[in-house]
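So the protein sequences, as listed, match chains A and B. So the first sequence is numbered by our numbering: it starts at 104 and just counts up by one. So the second sequence is numbered by our numbering: it starts at 104 and just counts up by one. Below is one structure, written out as structure tokens; the observations come after it.
2 protein chains.
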Amino acid sequence: MPAVIALKPVMQQRMSSQPKFEGTCSSCNLRELCLPGLLCAEDVARVENVVYARRRVKRGEALFNAGGEFNAVYAIRSGFFKTSLVDGEGREQVTGFFMGGELVGLDGIGSGTYNGTAMALEDSEVCVLPYALIEEMAREIPALARHLHAVLAREIVRDHGVMMLLGSMRAEERLATFLLNISKRFVRRGYSASDFHLRMTREELGSFLGLKLETVSRLFSAFQKEGWIDVQQKHVRIVDVAGLQSVLNGGKS
Amino acid sequence: MPAVIALKPVMQQRMSSQPKFEGTCSSCNLRELCLPGLLCAEDVARVENVVYARRRVKRGEALFNAGGEFNAVYAIRSGFFKTSLVDGEGREQVTGFFMGGELVGLDGIGSGTYNGTAMALEDSEVCVLPYALIEEMAREIPALARHLHAVLAREIVRDHGVMMLLGSMRAEERLATFLLNISKRFVRRGYSASDFHLRMTREELGSFLGLKLETVSRLFSAFQKEGWIDVQQKHVRIVDVAGLQSVLNGGKS
DNA sequence: CGACCTTTTGAACGTATTCAACCGATGTGG
DNA sequence: CCACATCGGTTGAATACGTTCAAAAGGTCG
């Protein structure tokens, strides 16, 4: 398998230059959000053997590309990614934004090649989880198999939520929904719920939300005028959560 | 488990009133599209034990409801379904249309409750696949586990395609894409590629495509005027595939 | 510091929606 | 079995929302 060979140098780098405990799932504070989930200590120790290597990805670099051979799923250890598709016309559709503890590359499982591209929006680090090893391990640890299924199914649920957003919501509802969602995800990782730095450009956010970058910019300005948020470029501070929620509940009123 | 009790009568009905071979995956002409996939004959025989029962669902009836307890995944044997979500405002978002050989209910795996609703758009019949049994069987048959993963991942890929449709395409591109897609799916099931009966209303199709029913209706009329299709209510005949494709390639031209 | 990328804002425009009326199909009860 | 009620579909006209085009200011990085 050529992929294994390709990974070796990275693995050696980890083993030689980093303290061992940093490489284990047991000590990772993202464990519960990640593939190990709620596995017992014993099983987590076994899953660690799946974490084949780490990989650093610089801002602007692709973790994997659409059409590339699928070997592994990636668990984000630090940093921020977007996943996207490009259609025949060259139009990009951002399908998601991902942060620490979340998995990317699941779309490759079905076909042997990645369906989309994952690009780092800031310098990031991921754990490489070779799919063949995950499958093998899942056969031995039923709880892991169940959790893997849950992870896949949750991605489906997330996607359906995005369909709702794109298909049924008005522009302001989309942005409000996005802000509330990403705020929650930051909180779970120990960051501020109200004060954060968006890593994506207005264009990338617009693509995800099915809007043009100018519309996104205008909405940020409008929300600020309403006193709901405070925006300065990519830095967002949520001032009035209820205000954002009122966009969703009230509808047009 | 109350669900098992509820299923019993259906199972008995099958065993008593239907010839046995009709209940097996081995003899099902949708086998390759369905959960068994490309399993060898021996494994297919074992998977048959998972097919716990059949269930008939009349037009307009729900196979399962959002929030309901998740017990089983359903393989469509005959008929046609829509899956949908309803948001806080009561707006419906159709997340997909499903036909013979396709699986619905996967969205329940992650959380123990179904995330959306599946409703029959014509009198239908499904195979009930209790999830606990699938998991058990997947542990014993690696090929089944792999195929289950592939099915879940393919749903993710499909969803990403819908995001592209909703987020990046213009109204006419959306309808053209939909028509070409459903035509392909009919073909794989042995039906005509060019002559079919749409089971969903304009409103349901509009919801799926992120458009209003009037817009869908206008687009059908416009496509007919172009000489690409022939529409009479729910009956559609594709006259010029290249014409439909030109909407996608040409863009505005 | 200078070049480039990102963001903001304005004004004109266009696409899809909304509101409304009408027609046809379907199904139910007298 | 027909009459009528209801639902689904089509079409038109006015409207609204988000886009497009454009210009300028603010950041960022070599």
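The beta carbon of each residue, even a glycine, is placed where N, CA and C say it ideally should be. Just so we're clear, the structure is a prediction, and the values are computed from it rather than from any experiment.
Would you mind telling me which residues of chain A sit closer than 9 Å to GLU238(B), beta carbon to beta carbon, in chain order? As a position in the second sequence, residue 238(B) is number 135, starting the count at 1. Using a Cβ-Cβ cut-off of 9 Å, GLU238(B) is close to PRO245, ALA248, ARG249, HIS252 of chain A, given in chain order.
Which residue or residues does DSSP assign as beta-bridge partners of GLY199(B)? For the purposes of this step, residue 199(B) is taken as the residue at position 96 of the second sequence. In the DSSP output, where bridge partners are listed per residue, GLY199(B) has THR186(B).
Counting Cβ pairs closer than 8 Å, one from the region 238-258 of chain A and one from the region 271-289 of chain A, do we hit at least three? Segments in contact, no.
Under a three-way DSSP split, which group does GLN335(A) fall into? The count along the first sequence starts at 1 and reaches residue 335(A) at position 232. In this structure, GLN335(A) counts as strand in the three-state DSSP scheme.
Identify the continuous beta strand (DSSP E) that holds LEU166(A) and give its terminal residues. Translated into positions along the first sequence, residue 166(A) becomes position 63. It spans 165-167 - the beta strand (DSSP E) in which LEU166(A) sits, taken as one unbroken run.
Neighbourhood of LEU136(B) by C-beta distance below 8 Å, restricted to the same chain and skipping five residues each side: Within the second sequence, residue 136(B) is the residue found at index 33, counting from 1. Correct list, in chain order: GLY203, GLY204, GLU205, ARG291, ARG292.
Comparing the C-beta of ASN352(B) with each C-beta of chain A, is any distance below 8 Å? Within the second sequence, the letter at position 249 stands for residue 352(B). So yes, ASN352(B) belongs to the interface.
Which residues in chain A have a C-beta closer than 8 Å to the C-beta of GLY346(B)? List them in chain order. Here residue 346(B) is taken as the residue at index 243 of the second sequence, counted from 1. Correct list: empty, because the minimum Cβ distance to chain A is about 16 Å.
My assumption, with CB atoms under 8 Å, is that LEU268(A) sits in contact with GLY219(A). Please give the rounded CB distance. In the first sequence, residue 268(A) corresponds to position 165, counting from 1. In the first sequence, residue 219(A) corresponds to position 116, counting from 1. For a cut-off of 8 Å, the C-beta gap from LEU268(A) to GLY219(A) is around 18 Å, too long to register as a contact.
With burial defined as no fewer than 16 other Cβ atoms inside 10 Å of the residue's Cβ, what is the status of ALA178(A): buried or exposed? The count along the first sequence starts at 1 and reaches residue 178(A) at position 75. Classification for ALA178(A): buried.
Check each residue of the region 302-321 of chain B: if its Cβ is closer than 7 Å to any Cβ of chain A, include it; give the result in chain order. Listed by position along the chain: SER310, GLY313.
Is VAL207(B) closer than 8 Å to ALA223(B) when the C-beta atoms are compared? Taking the second sequence and counting its residues from 1, one reaches residue 223(B) at position 120. Taking the second sequence and counting its residues from 1, one reaches residue 207(B) at position 104. At least 8 Å separates the beta-carbon of ALA223(B) from that of VAL207(B).
Given 8 Å, three or more beta-carbon pairs between the region 301-311 of chain B and the region 254-264 of chain B: With a cut-off of 8 Å, the region 254-264 of chain B and the region 301-311 of chain B do not count as touching, because too few Cβ pairs lie within range.
Decide yes or no for the touch test of the region 137-148 of chain A against the region 158-166 of chain A: beta carbon pairs closer than 8 Å, at least 3 of them. Cβ pair count under 8 Å is below three, so no.
If you compare alpha carbons, which of GLY191(A), ARG273(A), ASN352(A) is closest to VAL314(B)? For the purposes of this step, residue 314(B) is taken as the residue at position 211 of the second sequence. At residue 314(B) the sequence reads Leu, which differs from the Val that was named. Looking at GLY191(A), ARG273(A), ASN352(A), the one whose alpha-carbon comes closest to that of LEU314(B) is ARG273(A).
In chain B, which residues lie less than 7 Å from MET267(A) when you measure between Cβ atoms? Counting from one through the first sequence, the residue named residue 267(A) turns up at place 164. Neighbours of MET267(A) on chain B, chain order: LEU188, ASP190, GLN196.
At the 8 Å Cβ level, is GLY170(B) part of the contact set with chain A, yes or no? As a position in the second sequence, residue 170(B) is number 67, starting the count at 1. At least 8 Å separates the CB of GLY170(B) from every CB of chain A.
Does any residue of chain A have a CB that is nearer than 8 Å to the CB of LEU255(B)? Position 152 of the second sequence holds residue 255(B). Yes, LEU255(B) lies at the interface with chain A (some Cβ there is under 8 Å from its Cβ).
For ASP210(B), decide whether its Cβ has a neighbour in chain A, counting only Cβ atoms nearer than 8 Å. Within the second sequence, residue 210(B) is the residue found at index 107, counting from 1. When Cβ-Cβ separations below 8 Å define contact, ASP210(B) makes contact with chain A.
Which chain B residues are close to ARG242(A), counting only those with a beta carbon under 8 Å from its beta carbon? Taking the first residue of the first sequence as position 1, residue 242(A) is located at position 139. Per Cβ cutoff of 8 Å: ARG242, PRO245, ALA248.
Does chain B have any CB closer than 8 Å to the CB of GLU258(A)? If you number the first sequence from 1, residue 258(A) lands on position 155. With a threshold of 8 Å between beta carbons, GLU258(A) makes contact with chain B.
Span of the beta strand (DSSP E) around SER130(B): As a working mapping, residue 130(B) is identified with position 27 in the second sequence. Unbroken run through SER130(B): none, as it is neither H nor E.
From the beta carbon of ASN152(B), is the nearest beta carbon of chain A less than 8 Å away? Here residue 152(B) refers to the residue found at position 49 when the second sequence is read from its first residue. No, its Cβ sits nowhere closer than 8 Å to a Cβ of chain A.
Does any C-beta atom of chain A lie closer than 8 Å to the C-beta of ASP146(B)? One-based indexing of the second sequence puts residue 146(B) at position 43. With respect to chain A, the C-beta atom of ASP146(B) has no partner C-beta closer than 8 Å.
Output, in sequence order along the chain, the residues in the region 267-285 of chain B whose CB is closer than 7 Å to any CB in chain A. If the cut-off is 7 Å between Cβ atoms, the region 267-285 of chain B has MET267, LEU269, GLY270, SER271 near chain A.
TYR177(B) - DSSP class collapsed to helix/strand/coil: By 1-based counting over the second sequence, the position of residue 177(B) is 74. Three-state result, TYR177(B): strand.
C-alpha gap between VAL334(A) and LEU322(A), whole angstroms: Locating residue 334(A) in the first sequence gives position 231, counting from the first residue. Locating residue 322(A) in the first sequence gives position 219, counting from the first residue. Those two C-alpha atoms are separated by around 11 Å.
Quick one: what's got a C-beta closer than 8 Å to ASN152(B)'s C-beta in the same chain, skipping five residues either side? Stepping through the second sequence from its first residue, residue 152(B) is reached at position 49. Counting only Cβ-Cβ distances below 8 Å, and skipping sequence neighbours, we find LEU236, MET240.
Suppose the cutoff is 8 Å on Cβ atoms and the five residues either side in sequence are ignored; what does the same chain contact list for ARG288(B) look like? Here residue 288(B) refers to the residue found at position 185 of the second sequence. Cβ neighbours of ARG288(B) beyond the five flanking positions: MET202.
Going by CA-CA distance only, name the one from TYR234(A), VAL319(A), ASN284(A) that's closest to GLU275(A). If you number the first sequence from 1, residue 275(A) lands on position 172. It is VAL319(A).
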